[in-house]
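Please read the structure below before turning to the comments.
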């Protein structure tokens, strides 16, 4: 069964991202079966659920996700259009002027600084909160253990409910020591309080979960890219083994043996075919010159849809073809005589993943979240 949620009401192109909900739910169940010692599995659905669309939240709940997380209040309100059951944590700053919307929509706030906490005390509302600790990202969070204790103690005298405490790790800890620094910093910042008194304690995201043994004082984990099919397996090569030994990283896991499937694929179609002669130029700035008589297929997707110059090839009829030109609304592909008008074009699929496109200079989630709302999302189950 394929359900279509149209995110751009005037989009009549056959250009769409296909999200496989069966794969999504299977990934979550696979993750939970391997990492089964957490109480809370937080599904991170910021940035339009990493480009997969807010519609997926009910599938997450069906698969065992019991908490959600977003970046902003706007994202939380968008999620609430689809799911009113699951609690939602907002990672980022929320303007105090919007506090009524926070309460009405059962959104949990992050205490991103001592100053922000003082503002929240003044509004005197029944709010659920998580304390964000700054262990080294230096973006949001409290970074003094005395302040942490003071906030924990003062919350008891307010209408706020302290539901959790967490931090954000900047590195993987595979070939670096900054991970260790941040973990030690977290433990130091919480040394004056009893973490057992706080319902949710979370440190790991998908990368931390994949790379390290569970921290005994945590009972929640944040699942982002892993839910969507990215395993973080990098191979147990000689050089990686040597680096771990050199840095005493015996707790680091490079392979987790998870069997995950990529949830999203991206498709369009051939809308025009041009025959070009030898030495003819193609596209803006005349950057591509044909080396013989060739065929150029025009595909109805471009920069405005999120297809950057990082995309190098497409798949048509199970064969790869190179992209030779890019523009706002179209890409141009070097094809052969077997390709016909309206043939399906796959830009992200089984053999061309977001990780493949990202390469060594980017990350998969940057590719996924760049797929714009001009592109319809279709949901398959």
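In this note's numbering, the protein residues as written are 1095 to 1475. Even glycine gets a Cβ: it sits at the ideal position worked out from N, Cα and C.
The beta-bridge partner set that DSSP reports for residue 1438 consists of 1363. Taking 8 angstroms as the cut-off, the beta carbon of residue 1280 is found no closer than this to the beta carbon of residue 1458. As a beta-bridge residue in DSSP terms, residue 1426 pairs with 1392 and 1419. By the 16-neighbour rule on beta-carbons within 10 angstroms, residue 1422 is exposed.
Contact check for residue 1284 against residue 1298 fails: the beta carbons are separated by 8 angstroms or more. For the 8 angstroms CB-CB criterion, residue 1112 and residue 1137 do not form a contact.
Using a 10 angstroms sphere on the CB of residue 1380, the tally of other CB atoms stays under 16, which defines it as exposed. Per DSSP, the beta bridge partners of residue 1201 are 1182. Within the region 1241-1317, the complete alpha helix (DSSP H) segments at least 4 residues long are 1272-1283 and 1300-1305, listed from N- to C-terminus. Beta-bridge partners assigned by DSSP to residue 1163: 1138 and 1183. In this model, residue 1400 and residue 1196 are separated by some 31 angstroms (Cα to Cα). Going by DSSP, residue 1224 is part of the beta strand (DSSP E) stretching over 1222-1227. In the DSSP assignment, residue 1461 falls within the unbroken alpha helix (DSSP H) covering 1458-1463. The count of Cβ pairs closer than 8 angstroms, one atom from the region 1391-1411 and one from the region 1314-1321, stays below three, leaving the stretches out of contact. Going by DSSP, residue 1408 is part of the beta strand (DSSP E) stretching over 1407-1410.
In the three-state reduction of the DSSP assignment, residue 1369 falls in the strand class, which pools E and B.
Distance between residue 1286 and residue 1240, taken at the CA atoms: about 8 angstroms. Our two residues, residue 1143 and residue 1374, have alpha carbons roughly 43 angstroms apart in a direct line.
In the displayed model, residue 1348 falls within coil according to three-state DSSP, outside both helix and strand. In terms of CA proximity to residue 1403, 1417 leads the group 1199, 1393 and 1417. DSSP places residue 1210 in the uninterrupted alpha helix (DSSP H) bounded by 1208-1217. Contact holds between the region 1163-1172 and the region 1183-1191, because three or more Cβ pairs, one in each stretch, are under 8 angstroms apart. No residue range can be given for residue 1230, since it is assigned to no alpha helix (DSSP H) and is classified by DSSP as neither H nor E. Between residue 1366 and residue 1392 a beta carbon distance of about 4 angstroms is seen, short of the 8 angstroms cut, so the two are scored as contacting. Counting only the Cα atoms, residue 1150 lies some 19 angstroms from residue 1361. A straight-line Cα-Cα distance of about 15 angstroms links residue 1192 and residue 1222.
Annotated three-state conformation of residue 1191 is helix, per DSSP. The beta carbon of residue 1453 sits closer than 8 angstroms to those of 1404, all from its chain and outside the five residues before and after it, given in chain order.
If you draw a 10 Å sphere on the C-beta of residue 1106, you find fewer than 16 other C-beta atoms in it, and that means exposed.
Here DSSP, grouped into helix, strand and coil, assigns residue 1358 to strand. In the DSSP assignment, residue 1450 falls within the unbroken alpha helix (DSSP H) covering 1448-1452.
At a Cβ-Cβ threshold of 8 angstroms, residue 1182 and residue 1159 do not count as neighbours.
In chain order, 1388, 1390, 1415, 1416 and 1418 place their CB closer than 7 angstroms to the CB of residue 1428, counting only its own chain and leaving out the 5 sequence neighbours on each side. For residue 1153, the uninterrupted alpha helix (DSSP H) run begins and ends at 1151-1157, by DSSP. Rounded to whole angstroms, the gap between the alpha carbons of residue 1180 and residue 1358 is 23 angstroms.
Separation of residue 1175 and residue 1385 (C-alpha to C-alpha, rounded to the nearest whole angstrom) is 53 angstroms.
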